[in-house]
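Right, one structure below, let's go through it.
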Amino acid sequence: MAATARDLSNVPSVITLRGVNKWFGQFHVLSDINLDVKEGEKIVVCGPSGSGKSTLIRCINRLEEHQAGDLVVHGVPLTNDVKNIEMIRREVGMVFQSFNLFPHLTILDNLTLAPIWVKKMPKKEAEEIAMTLLKRVRIPEQALKYPGQLSGGQQQRVAIARALCMRPKIMLFDEPTSALDPEMVKEVLDVMVELAREGMTMLVVTHEMGFARAVADRVIFMDRGEIVEQNEPEEFFANPRNERTKLFLGQILRHQ
Amino acid sequence: MAVEAVGSAPRTPKVAPWNDPVIRGWVFQFVVVGLVGLLAWYLVSNTIDNLQRQKIASGFHYLDREAGFEIGDTMIEYSPASTYARALFVGLLNTLKVSVLGVIMATILGTLLGVGRLSNNWLLARICEWYVEAFRNVPLLLWLFLFYKLISEAFPGPRQALSGFWGSVFLSNRGVYFPVPLTDPIFKWVGVAFLVGIAGAFFLHRWARKRQDETGQPFPSISAGFGVALGLPIIVWLLGGAPHHMSWPQLKGFNFEGGSVIQPEFIALLLGLVLYTSAFIAEIVRSGILALHKGQSEAAAALGLSRGQAMRLVLLPQALRVIVPPMTSQYLNITKNSSLAIAIGYPDLVASINVTINQTGQAIENILIIMAAYLSVSLSISAFMNWYNKRIALRER
Amino acid sequence: MTDMPVGERKQLAPPVDDSGPLGWARRHLFSSWGNGITTVVLVVSIAWILSGFLEWALFTANFTATTGAECRGSGACWALIREKYRLIFFGTFPYDQQWRPLFAVVAMLAMLIMTSDRRMWRPWRLLVIWSIGSFVTFLLMFGQLHIPLSLFLAVALIVGLVGMSFRKGIGSPLEINVYRALAAIGLVGLVLRWLGVLPAWKLAIAPFSFVETGLWGGIPVTMILATYGLVFAFPYGILLALGRRSNLPLIKGLCVGFIELIRGVPLISLLIMASVMLPLFLPTGVTFDKFLRAQVAVILFAGAYIAEIIRGGLQSLPKGQFEAADAMGLNYVQKTSLIILPQALRVVIPPLINTFIGFFKDTSLVLIIGIFDFLNTANQALVDPAWAGYPGEVYLFAAFVYFIFCYSMSRYSKHLEVELNKGTRR
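Protein chains in written order, with the numbering used here: chain B, 544 to 799; chain X, 78 to 474; chain S, 4 to 429.
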């Protein structure tokens, strides 16, 4: 179901990028990025590999450093200042392509680790929050198992719950379903759709265009470090304006 | 095909005994064991024959006889009038002393080198790499000879000894002389206080953990623990009047008297063992850290954990899994390599056994003692490793 | 949402010039305050140490002195090495015949280098290389070889037995019969020989003068002990590993006990055992050549360690391999030698090479029982009173030689690891 275009012009921006540039050695991986993400907005970023889409969202929580331009998250400028970085990471949650669950801890411990040590929460309180979130992603019975004992789809849902335990205002997803077997993609996308419907600000790098059509407010196409085109999903898929966008859509939509 | 009556068990076809794998297996085993037994019987009968012919005694009675040889470095009371048993025990203590010190120092140095090799600083990384390659590719015995000969020949004699720490420590080719506190009854209590302090640190840690679970407040239990473990003995020492009378090394004639000494043999052995084994430990630590998936530190960072917290809670536990097994085998190597002491004259267990064999001629009993001693060390280390592996094994589907 | 003008944006160069040597230095040496200070401290210390060392080792060194007294007072006395290098390299081997150990070393190096070429990794080729190479080596070292009849008979027996089980069901009846005949001749011959019916005939090959093992020394001794230690330890280690993994409890118990026993004690104690206990084990009057005793000790020691490494390789094979081999109807010998071992061995080659490097260094321990390996002959160079007092030069030189051998082997091992992994999915 296509989301109807929402009017977000009066909503404050939670992430602002102005003239953001990044180089890997001589390779210009992010080229003059200008972007405003509004509160509650759901943005899907797509593009061929090497286009810089993963790098873009990893810059937002400082897993990568941008070398020029301004990046502001929730009013906090992202610089080398460690305090700013810590503040931002508390507001921003991230879900990785390879799940990155901590294999030596139980699922419950994975979820409660950050609330206990970063937010200084008492253990009981952290565990209650964790169990609530595990119920939300529909695997509360796995709480005492280890990540190695779960399937890929279950692990990724745990990863989403783990990020949500910190009560972030913004969620970043870096190709969350690319490493999953096809039959498990749906269960993860379902969780993400529910999250979207509850009003979370989401920035998702993915090739799942069905997801984009269902919940995205905006689809952004990146190629070779630049934002080439962005539009509402309906317009984006039906009338791509740029040649490169058309080429890319032609390649991926064949399989959708 | 005939229809079998319902309810009757199927009949297995009879197998000729020589084709039955079970019987074959047992026959094979008995043949092998029989051959081994025959060989053993042959060797044993020859041995008994030879022992009788050369009038060598049997049994362990010699352990009660007077040893009659000097031992240069002893941790406990010993004189040539002591028994062989005591001599061997002194050797065992020396082996343990070198091994334990070697393990601790090699672990520290090896870890520093391993981490240094992964440093951002190109120069530091290369130096650590060259160190590792240099020490790994040369036999340990050569290093021992080099260090020993350098100390005993290149260092000055006692009369021209180098001194440091305002004339209290002396370095010569006879070893390192340093002052030691004179015995005072309070030191026994200081030792007790240290043990109490360690136990106290342990309980402090438990209490802090519980408090954090309940209130969420973290507590610096590691530094506090150190404070308790070290502070308590110091307090006891102060309360006992802070006795600080020392025995100072004084040059008398050709050598020093007083104080305590670390002999060149010991220095060379420990130095060689530590420098050599730390090269191997460096590699183990390095591969343990490299084995960590990059995503683990990223996930920890994305959750807001500080570098220290990420290291302690996420990275180190995983790295230790990879590091501990090969590390324990290096510890075992240090213990076994300490036997090279015999080549530079440090009186460890093998050296004492060697002298005993030469004097009593009872090779078999002595060899059995060596094997029992080293085997108990290595088997306990193996057992520990198996236990550790089982405990930390990552549970998979 | 509007488009951004695309493709017209110029590709900006990175803000800081990160390229070139200056950029490299900035990133790798001076990227932060801590880094910068470390670099400076290291450069200063290295410069200080290195200048002191070079001063001693090169600039004030003496290369031409003819006695120890002349060498005193200046820096390193490399003249000592010049004087004594033949002693250090070849020990007390007769001076005029020292070309023989030299060529023996060359032969062994040639064998090792040929074995490292992957094209030679076929059983028959390896067998040929090693038989010819070993024959040449020992002929040169001993000078004269007397090969007894029993050896020929034993070889016939082994070839016959191996051939029989290997080619069972595969070879033609004629072939199997040839193996049967060989085994029979070997067995019968050995029995007759033992009973004394057949005479003790020896094939004599004697081109040079005989040099007994007591006079051997230096590099050839180290290489022979390490190389043949490993060559013989290899099959026996494989047998131990297979035995340890077997289902037959007695065999497994024997192998486990043996392996743990050997791995639990230091090599020194095994060497002492070998030199002290072996005379007791043998009937009076029978003596064992001292060199052979050391070699046997090294073989026993190496075998246990090799067994553990191979066992690791066997464990890493997926169970399906064993099952597929069984399903094809192969017997134990065929299954193991054709399917299991080739795969397991391929996996464990790098750790095996590391083991070889380890044993190359461990041969230095034989000096405890009076064998003159390379380290011992280097030691001997210091004993001469005319040249006393230069331990640093001799030991550094010896360390350098060891380093060259071991470092090349470890580089080869790393290279091999990369090569072997090219075919596997990472």
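Backbone N, C-alpha and C define an ideal beta-carbon position, used for all residues, glycine too.
Since Gln773 (chain B) sits in a beta bridge, which residues does DSSP pair it with? According to DSSP, which records beta bridges pairwise, Gln773 (chain B) is partnered with B:Ile763.
Sub-8 Å separation of Ala704 (chain B) and Leu676 (chain B) beta-carbons: For the 8 Å CB-CB criterion, Ala704 (chain B) and Leu676 (chain B) form a contact.
Under the three-state reduction of DSSP, which class applies to Met323 (chain X): helix, strand or coil? Residue state, collapsed to three classes: strand.
Give a yes or no on contact between the segment 238–251 of chain X and the segment 315–334 of chain X, applying the rule of three or more CB pairs nearer than 8 Å. Yes, they touch.
Could you say which of S:Val158, S:Asn357, S:Leu32 and S:Glu215 lies nearest to Gln147 (chain S) if we only look at CA atoms? Of S:Val158, S:Asn357, S:Leu32 and S:Glu215, the residue nearest in Cα terms is S:Glu215.
Does the beta carbon of Pro814 (chain B) come closer than 8 Å to any beta carbon on chain X? For chain B, the structure presents residues 544 to 799; residue 814 (chain B) sits outside this window and is missing.
If we call anything under 8 Å between Cβ atoms a contact, is Thr749 (chain B) one with Glu772 (chain B)? Not a contact, by the Cβ cut-off of 8 Å.
Just checking, does the segment 23–43 of chain S make contact with the segment 197–210 of chain X on the three C-beta pairs under 8 Å criterion? Yes, the segment 23–43 of chain S is in contact with the segment 197–210 of chain X.
So that I know if they touch, is there some Cβ in chain X lying closer than 8 Å to that of Cys409 (chain S)? Residue-level contact by beta carbon holds for Cys409 (chain S) and chain X, with a gap shorter than 8 Å.
Spatial distance of Gln106 (chain X) from Phe237 (chain S) (CA atoms): Roughly 23 Å between the two C-alpha positions.
Using a Cβ cut-off of 8 Å, pull out every chain S residue sitting near Leu223 (chain X), in sequence order please. Near Leu223 (chain X) (Cβ distances below 8 Å), the residues of chain S are Pro394, Gly395, Tyr398, Leu399 and Ala402.
Under 8 Å between C-beta atoms of Ile576 (chain B) and Val563 (chain B): Yes; because the gap between Cβ atoms is below 8 Å, this pair is in contact.
According to DSSP, what are the bridge partners of Ala207 (chain S)? Partner(s): S:His149.
In chain X, what lies closer than 7 Å to Ala657 (chain B) by C-beta? Within 7 Å Cβ-Cβ: Leu380, Gly381 and Leu382.
Residue nearest to Ile795 (chain B) in terms of C-alpha spacing, selected from B:Gly753, B:Pro658, B:Val758 and B:Lys585: Among B:Gly753, B:Pro658, B:Val758 and B:Lys585, the Cα nearest to that of Ile795 (chain B) belongs to B:Gly753.
Identified DSSP bridge partners for Arg586 (chain B): With the sequence shown as reference, residue 586 (chain B) is identified as Ile, and Arg is not the correct amino acid for it. Looking at the DSSP assignment, Ile586 (chain B) forms a beta bridge with B:Leu746 and B:Arg761.
Give me the Cα-Cα distance between Met544 (chain B) and Ala757 (chain B), rounded to the nearest whole angstrom. Bear in mind that a pLDDT of 41 at Met544 (chain B), under 50, signals an unreliable position, so the number given afterwards is only what the model happens to contain. Each residue's CA atom was taken as its position, placing Met544 (chain B) and Ala757 (chain B) some 5 Å apart.
Counting only the same chain and skipping the five closest in sequence on each side, list residues whose C-beta sits under 8 Å from that of Leu165 (chain X). Closer than 8 Å at the Cβ level, and outside the excluded window around Leu165 (chain X), lie Leu140, Leu426, Ser429, Ile430, Thr433 and Ile446.
For the segment 278–311 of chain X, which residues have a CB atom closer than 9 Å to at least one CB atom of chain B, in sequence order? Those would be Gln289, Asp290, Glu291, Thr292, Gly293, Gln294 and Pro295, in chain order.
Hey, would you say Ser324 (chain X) sits closer than 8 Å to Pro256 (chain X), going by beta carbons? In this structure, the beta-carbon distance from Ser324 (chain X) to Pro256 (chain X) falls below 8 Å.
Nearest chain B C-beta to Gln395 (chain X) closer than 8 Å, yes or no? Using a Cβ-Cβ cut-off of 8 Å, Gln395 (chain X) counts as an interface residue toward chain B, since at least one Cβ of chain B sits closer than that to its own.
Is the number of C-beta pairs between the segment 277–289 of chain X and the segment 374–383 of chain X that are closer than 8 Å three or more? By the Cβ test, the segment 277–289 of chain X is not in contact with the segment 374–383 of chain X, since fewer than three Cβ pairs between them sit closer than 8 Å.
Rounding to the nearest angstrom, what Cα-Cα distance links Ile188 (chain X) and Ala673 (chain B) in this structure? Note that residue 188 (chain X) is Thr in the sequence shown, not Ile. Using only the alpha carbons, I get a separation of about 37 Å.
Nonlocal neighbours in the same chain, by C-beta distance under 8 Å from Asn785 (chain B), ignoring five residues either side: Within its own chain, the residues whose Cβ lies closer than 8 Å to the Cβ of Asn785 (chain B), once the five positions on either side in sequence are excluded, are Phe764, Val771 and Glu772, listed in chain order.
Assuming Val657 (chain B) contacts Cys708 (chain B) under a Cβ cut-off of 8 Å, what Cβ separation, rounded to an integer in Å, is found between them? One detail in the question is off: residue 657 (chain B) reads as Ala in this sequence, not Val. The C-beta separation of Ala657 (chain B) from Cys708 (chain B) comes to about 7 Å, placing the pair in contact by the 8 Å criterion.
I want to verify the contact list: residues of chain X whose CB lies under 9 Å from the CB of Pro665 (chain B), in sequence order. What Pro665 (chain B) touches in chain X: Gln289, Asp290, Glu291, Thr292, Gly293 and Gln294.
Per-residue contacts from Gly372 (chain X) into chain B (C-beta, under 7 Å): What Gly372 (chain X) touches in chain B: Phe639, Ser641 and Asn643.
Measuring straight from C-alpha to C-alpha, what distance separates Ile713 (chain B) and Asn197 (chain X)? A straight line joining the alpha-carbon of Ile713 (chain B) with that of Asn197 (chain X) spans about 33 Å.
If the cut is a Cβ gap below 7 Å, which residues of chain X does Lys417 (chain S) touch? Chain X residues near Lys417 (chain S): none, gap ~12 Å exceeds 7 Å.
In terms of residue numbering, what span does the beta strand (DSSP E) encompassing Ser340 (chain S) cover? Counted as a single uninterrupted DSSP element, the stretch harbouring Ser340 (chain S) is not any beta strand (DSSP E), since DSSP gives it neither H nor E.
Are there 16 or more other CB atoms within 10 angstroms of the CB of Thr290 (chain S), so buried, or fewer, so exposed? Counting Cβ neighbours within 10 Å, Thr290 (chain S) comes out exposed, since fewer than 16 surround it.
Please decide whether Glu81 (chain X) counts as near chain S, where near means a Cβ-Cβ distance under 8 Å. Here Glu81 (chain X) scores only 48 on pLDDT, less than 50, and its place in the model should not be relied on; the value that follows carries that caveat. No, its Cβ sits nowhere closer than 8 Å to a Cβ of chain S.
Rounded straight-line distance, which links the Cα of Phe56 (chain S) to that of Tyr465 (chain X): Their Cα atoms are separated by approximately 46 Å.
Is there at least one non-hydrogen atom of the ligand HEM closer than 7 Å to the beta-carbon of Gly392 (chain S)? This structure lacks the ligand HEM; in fact it carries no ligand of any kind.
For the alpha helix (DSSP H) containing Met709 (chain B), name the first residue and the last one. Run containing Met709 (chain B): none; DSSP gives neither H nor E here.
Tell me which residues of the segment 195–208 of chain X have at least one Cβ-Cβ distance to chain S shorter than 9 Å, keeping chain order. When CB distances to chain S are screened at a threshold of 9 Å, the residues of the segment 195–208 of chain X falling below it are Ser196, Asn197, Asn198, Trp199, Leu200, Leu201, Ala202 and Ile204, in chain order.
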